[in-house]
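Q: My questions will all concern the structure given below.
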Amino acid sequence: MRVDERTRDVAQGGKRNTQGNSGGTNRPASNQNGKSAGSRQSVAAARQLSAGQNRTQLIIGGVAIVVIVAIIVVGLVLNKKESAVQSEGYGASTQSVATTANGIVTVSKPGSTPAVTIDLYEDALCPVCAEFERQFGQQINKAVDEGTLAVNVHLLDFLNPQSFSRDYSTRAAAASLCVAQEDGSTPGAYLGFHSALFASETQPQEGSSGDLTDQQLADLASTSGAPAAAECITSGRNIAAAVAASTTSQETLKKATGGQVRTPTVVHNGAPVQLSVDWLSKLLAQP
Amino acid sequence: MTRGRAVRDGLGLLARLGLSATFLVSGGLKASDPRETVVAVRAYGLLPESLVTVVAAALPYLEIALGVLLLLGLATRLAAVMTGVLFVVFIGGVISAAARGLSIDCGCFGGGGTVEAGQTGYAAEIVRDLGFLVLAAYLVFRPDTPLSLDRWARSRSGSTA
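So the sequences go chain by chain: A and B. Be aware that the first sequence starts at 43, since it is given in this note's numbering, and climbs by one per residue. Be aware that the second sequence starts at 698, since it is given in this note's numbering, and climbs by one per residue.
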């Protein structure tokens, strides 16, 4: 049907009323006051239109809400899958030992020949690294214990300025070197300390008003199964080594990523790994 | 069609598609890095830990959903109202972070978390969000835009009435 200009105007009014939630009847009523018969007719037409359009509005609103709910539900399912903790329930590593070379800690099962070796770049202060540890820590523990995975852990210190003490990342990296040197042969000790560094009750927040002292780091090592490291940690013996290792590791990381230093990054065969939920399963499944 | 109407149509379309593109990009970036989104939401320090993960999971997809509705022009007024409410919440969050002296990245387009003091962009973030709020408000008052399912459905129901 072709609407002439007059009905179109009223239809516009009707439409506005339908959408406006209020005054739905006032406007046509005021139009009616002493106006021509033609106007009255179009008001009647508008009312008819308005009934049909009310229904349309309801349908549109309903469809829109269904669309929103559907997208969010699908999203929540995807998100749950994507952020699911891997190998949940496995717990701490029981077989792994750690060695150090040039300030980099290598974790593997003694006597194993792991098919996959990854380089893991983290900063002890990095909150996303804590999420990474929460999601993949147990899966890494399990793969290392099974002898299929070796991990070179690079603890960087580029987030120092964000820490309360201005050198927390360095001190945590040095402490982890101490644990690897003094207690590295104790099965699970190094990975236990590593997990503890990123636990939500331990990790200091960026820009917060406190972090762990060397004594607290030593206590943390003791409680996570590395009591022999305490003196090394409190004396600051590995501070210089940690700074040097962070510098060289940032260089190797930049080479792998094409210039970017961000943590956590996993490098395998010289290239950064896209950290989807199944990155480690995929690596381990490779022939 | 009068000139005023043509201008209104153009403005409405621009507001709708502009907001839609913004949401699809920001929601997509947030959805693609769930670990970082959790950290960004947590950095505001406004929500208890149990809600942080829920909001971080749902927010990207709420943004995508609003982006889709605005792209299609489906229930434009409803979508615009929800958009406005969302931006009021965003602006409130940023103002609260600024007032508490936090130095965080808003995480508006992915990323987020703490940044170096002096690298925060609160004022610019608030101005930008106010701009989006104005666009949303325009669509609340004039939701009828060209190339929209709303207008198409209305013309159909009009012709059958």
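All C-beta atoms in this analysis are idealised placements derived from N, C-alpha and C, irrespective of residue type, glycine included.
Report the neighbours of S800 of chain B on chain A: residues whose CB is nearer than 8 Å to its CB, in chain order.
A: What S800 of chain B touches in chain A: G249.
Q: Is the CB-CB distance between A216 of chain A and A283 of chain A below 8 Å?
A: Cβ atoms of A216 of chain A and A283 of chain A: closer than 8 Å.
Q: Measure the C-alpha to C-alpha separation of G804 of chain B and G810 of chain B and round it to an integer number of angstroms.
A: Using only the alpha carbons, I get a separation of about 7 Å.
Q: Select from the segment 151-173 of chain A all residues with a C-beta closer than 7 Å to any C-beta belonging to chain B, and list them in chain order.
A: Within the segment 151-173 of chain A, the residues whose Cβ lies closer than 7 Å to some Cβ of chain B are P169, V170 and E173, listed in chain order.
Q: Quick check: the Cα distance between I110 of chain A and G781 of chain B, rounded to an integer number of angstroms?
A: About 16 Å.
Q: Whether or not the segment 836-850 of chain B and the segment 708-716 of chain B are in contact is what I'm after, with contact meaning three or more pairs of Cβ atoms, one per stretch, closer than 8 Å; do they touch?
A: Result yes; three or more Cβ-Cβ pairs closer than 8 Å.
Q: Mind checking L322 of chain A: buried by the 16 CB within 10 Å criterion, or exposed?
A: It is buried - the Cβ of L322 of chain A has at least 16 other Cβ atoms within 10 Å.
Q: Give me the Cα-Cα distance between A222 of chain A and G267 of chain A, rounded to the nearest whole angstrom.
A: About 11 Å.
Q: Please classify R739 of chain B as buried or exposed, where buried requires at least 16 neighbouring CB atoms within 10 angstroms.
A: Buried, because 16 or more other Cβ atoms sit within 10 Å of the Cβ of R739 of chain B.
Q: For A172 of chain A, which residues in the same chain have their Cβ closer than 7 Å to its Cβ, ignoring the five residues on either side in sequence?
A: Around A172 of chain A: F240, S242 and Q245.
Q: Within the chosen definition, does the segment 154-161 of chain A reach the segment 203-213 of chain A through at least 3 CB pairs nearer than 8 Å?
A: They do not touch, by the three-pair rule.
Q: For E164 of chain A, does the count of other Cβ atoms within 10 angstroms reach 16, so buried, or fall short, so exposed?
A: Buried is the call here.
Q: On the DSSP bridge assignment, give the partners of C168 of chain A in chain order.
A: Looking at the DSSP assignment, C168 of chain A forms no beta bridge with any residue, so it has no partner.
Q: Comparing alpha-carbon positions, which option in A:L191, A:S277, A:S92 and A:G226 lies nearest P328 of chain A?
A: In the sequence under discussion, the amino acid at residue 328 of chain A is Gln, which differs from the Pro named in the question. Per the Cα distances, A:L191.
Q: Suppose the cutoff is 8 Å on Cβ atoms and the five residues either side in sequence are ignored; what does the same chain contact list for T289 of chain A look like?
A: Answer for T289 of chain A: no residue qualifies.
Q: Could you check whether the Cβ of L325 of chain A sits closer than 8 Å to any Cβ belonging to chain B?
A: It does not; no Cβ of chain B falls within 8 Å.
Q: Taking the alpha carbon of I146 of chain A as the point to measure from, which residue in A:G252, A:V308 and A:L162 has its own alpha carbon closest?
A: With distances taken between Cα atoms, I146 of chain A lies closest to A:L162.
Q: Could you name the residues of chain B that V105 of chain A contacts, counting a contact when the two beta carbons are closer than 8 Å?
A: What V105 of chain A touches in chain B: L771 and A772.
Q: Would you mind reading off the limits of the beta strand (DSSP E) that contains S288 of chain A?
A: Here S288 of chain A belongs to no beta strand (DSSP E); instead the alpha helix (DSSP H) covers I281 to T299.
Q: Tell me the DSSP secondary structure of P757 of chain B in three-state form.
A: Note: P757 of chain B maps to helix in three-state DSSP.
Q: Can you check whether the C-beta of G701 of chain B is within less than 8 Å of a C-beta belonging to chain A?
A: With 8 Å as the cut-off, G701 of chain B does not count as an interface residue toward chain A.
Q: Work out the CA separation of A820 of chain B and A794 of chain B for me, nearest whole Å.
A: Roughly 11 Å separates the two Cα atoms.
Q: Chain A beta carbons: is any one of them nearer than 8 Å to that of D847 of chain B?
A: Yes - at least one Cβ of chain A is within 8 Å of the one on D847 of chain B.
Q: Put A740 of chain B into one of helix, strand or coil per three-state DSSP.
A: If DSSP states are grouped into helix, strand and coil, A740 of chain B belongs with the helices.
Q: What did DSSP end up calling T393 of chain A once you bin it into helix, strand or coil?
A: There is no way to answer for residue 393 of chain A, as the model of chain A reaches only from 43 to 329.
Q: Under 9 Å between beta-carbons, which chain B residues line up against V109 of chain A? List them in chain order, please.
A: By Cβ distance, chain B contributes A762, V765, L766, L769, L771 and A772.
Q: Counting only Cβ pairs nearer than 8 Å, list the residues of chain B close to T212 of chain A.
A: Within 8 Å Cβ-Cβ: nothing; T212 of chain A doesn't reach chain B, min ~17 Å.
Q: Quick one: grab the DSSP three-state call for N311 of chain A.
A: Correct three-state label for N311 of chain A: coil.
Q: Taking a contact to mean a Cβ-Cβ separation below 8 Å, would you say P169 of chain A touches V736 of chain B in this structure?
A: Cβ atoms of P169 of chain A and V736 of chain B: closer than 8 Å.
Q: Which residue marks the beginning of the beta strand (DSSP E) containing V193 of chain A, and which one marks its end?
A: That run of the beta strand (DSSP E) goes L191 to L198.
Q: Could you tell me which residues DSSP pairs with G267 of chain A in its beta bridges?
A: BP columns for G267 of chain A are empty, so no partner.
Q: Cα separation between A93 of chain A and S800 of chain B?
A: Looking at the two C-alpha atoms, the distance is approximately 54 Å.
Q: Specify the secondary structure class of G798 of chain B as computed by DSSP and reduced to three states.
A: Three-state result, G798 of chain B: coil.
Q: Name the one or two DSSP bridge partners that Q161 of chain A has.
A: Residue identity check: residue 161 of chain A is Asp in the sequence provided, not Gln. According to DSSP, D161 of chain A bridges with A:N194 and A:V309.
Q: In angstroms with no decimal places, state the Cα-to-Cα distance between E760 of chain B and E248 of chain A.
A: Taking the straight line joining both Cα atoms gives about 28 Å.
Q: Using a threshold of 8 Å, state whether the C-beta atoms of V309 of chain A and V315 of chain A are closer than that.
A: In contact: V309 of chain A and V315 of chain A (Cβ atoms closer than 8 Å).
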